[in-house]
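Read the structure below first, then the notes.
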Amino acid sequence: MSIRVTVWGENVHEHKNKIVAQIYPLLMHGTIAAALNGNKGITATTVTLQDAEHGLTKEKLAETDVLIWWGHVAHGDVADEIVERVCDAVWGGMGVIFLHSAHFSKPFKRLMGAPCNLYWREAGERERLWVTSRHHPIAAGIPEHFELEYEEMYGEPFGVPEPLETVFISWFAGGEVFRSGLTYKRGAGKIFYFRPGHETYPTYHDANVQRVIANAVKWAYNPEARIADPHDGPNRTVAEALEPIVERGPRLHQDGEAGYR
Ligand code: ZN
4 MSIRVTVWGE
14 NVHEHKNKIV
24 AQIYPLLMHG
34 TIAAALNGNK
44 GITATTVTLQ
54 DAEHGLTKEK
64 LAETDVLIWW
74 GHVAHGDVAD
84 EIVERVCDAV
94 WGGMGVIFLH
104 SAHFSKPFKR
114 LMGAPCNLYW
124 REAGERERLW
134 VTSRHHPIAA
144 GIPEHFELEY
154 EEMYGEPFGV
164 PEPLETVFIS
174 WFAGGEVFRS
184 GLTYKRGAGK
194 IFYFRPGHET
204 YPTYHDANVQ
214 RVIANAVKWA
224 YNPEARIADP
234 HDGPNRTVAE
244 ALEPIVERGP
254 RLHQDGEAGY
264 R
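With our numbering as the guide, the letters of the sequence shown map in order to residues 4 to 264.
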């Protein structure tokens with residue numbers, strides 16, 4: 004029994020920017036998947052924006068327990084039909100982890116229903132992440148705080164709905180702070196947003212970052228919740244009522260058709 008993870012990579016910077024290519028010879032999604040595959044009980048594969056249907060066919064999503072999303076410059080190239088398919092899978096119980104600039108990805112914005120905007124600065128600043136929820140499973144084995152020597156700054160206010168839990172906050176050398184590890188639930192699906200991961204820094208080689216992502220995969224895995232059609236809403240007839248009732252009063256729908264009105 005293994006948790007099936009699909010790492011979705013935008014796969015653009017690695018081919019256009021030499022620095023990114025040097026830091027991530029396995030590509031960013033390949034690096035994230037390789038680190039996950041070092042964990043017992045996790046099997047990670049990768050798909051990219053350039054694959055047919057962005058690699059997210061109905062079949063692939065059906066056999067994905069947890070999806071990981073990294074995107075940045077090509078959010079607009081993701082087809083709306085695939086975005087809806089991903090959201091359906093999340094509402095139906097698939098776990099999902101959005102990394103770094105995926106805060107502006109179409110599926111994250113759709114699931115949050117909010118602008119998801121933030122302040123940012125690319126100046127190679129030190130980032131210090133603090134654990135704010137010591138006993139949260141996503142923080143298991145992580146020290147009280149850890150540092151990433153070079154990162155892009157993301158600063159509050161972060162335009163997302165109030166999360167269920169805040170697992171990490173970040174402080175940056177320039178003085179800003181940011182809620183950098185947030186949990187949500189949408190439908191039956193568990194969602195984790197994790198901030199670090201700017202493409203020109205070696206963030207996904209960091210042992211603590213890798214551990215957080217692996218912990219988040221285990222946390223988001225929820226196979227018992229998986230349902231095929233999260234939009235399903237059948238009519239429950241008078242005959243099916245738990246207590247005996249008699250129809251009364253005016254009725255809008257007298258054609259006997261099942262379905263939501
Ligand atoms: Zn970035």
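Ideal Cβ placement from N, Cα and C applies to all residues, glycine included.
Just to confirm, is the Cβ distance from residue i to residue j under 8 Å?
i: Val-15; j: Val-76; result: yes
i: Gly-58; j: Trp-11; result: yes
i: Thr-49; j: His-32; result: yes
i: Glu-150; j: Glu-130; result: yes
i: Gly-184; j: His-103; result: no
i: Phe-107; j: Cys-90; result: no
i: Ile-230; j: Ala-176; result: no
i: Tyr-224; j: Val-99; result: no
List the endpoints of the continuous alpha helix (DSSP H) containing residue i.
i: Glu-87; result: 83–94
i: Val-212; result: 210–223
i: Met-4; result: Segment: none, Met-4 is in no alpha helix (DSSP H) and carries neither H nor E.
i: Ile-172; result: No alpha helix (DSSP H) holds Ile-172; the beta strand (DSSP E) holding it covers 168–175.
i: Glu-17; result: 16–19
i: Glu-62; result: 61–65
i: Arg-113; result: 109–115
Looking at the structure shown, is residue i part of a helix, part of a strand, or coil, going by DSSP?
i: Thr-48; result: strand
i: Ser-192; result: First, the residue type needs correcting, since residue 192 is Gly and not Ser in the sequence shown. Strand at Gly-192.
i: Glu-243; result: helix
i: Arg-264; result: At Arg-264 the pLDDT is 46, less than 50, meaning the model places this residue with poor confidence and gives no usable figure here.
i: Glu-56; result: helix
i: His-148; result: strand
i: Tyr-27; result: coil
i: Glu-154; result: strand
i: Phe-161; result: coil
i: Gly-33; result: helix
i: Tyr-204; result: coil
i: Gly-79; result: helix
Name the two residues that bound the continuous beta strand (DSSP E) containing residue i.
i: Glu-227; result: Glu-227 -> no beta strand (DSSP E), and no H or E assigned at all.
i: Val-134; result: 122–134
i: Glu-100; result: Reading off the sequence shown, one finds Ile at residue 100, where the question assumed Glu. Note, Ile-100: beta strand (DSSP E), 98–102.
i: Val-69; result: 69–73
_Exercise answer, beta-carbon shell around the ligand ZN heavy atoms below 5 Å_ = This criterion selects Ser-104, Glu-155, His-201.
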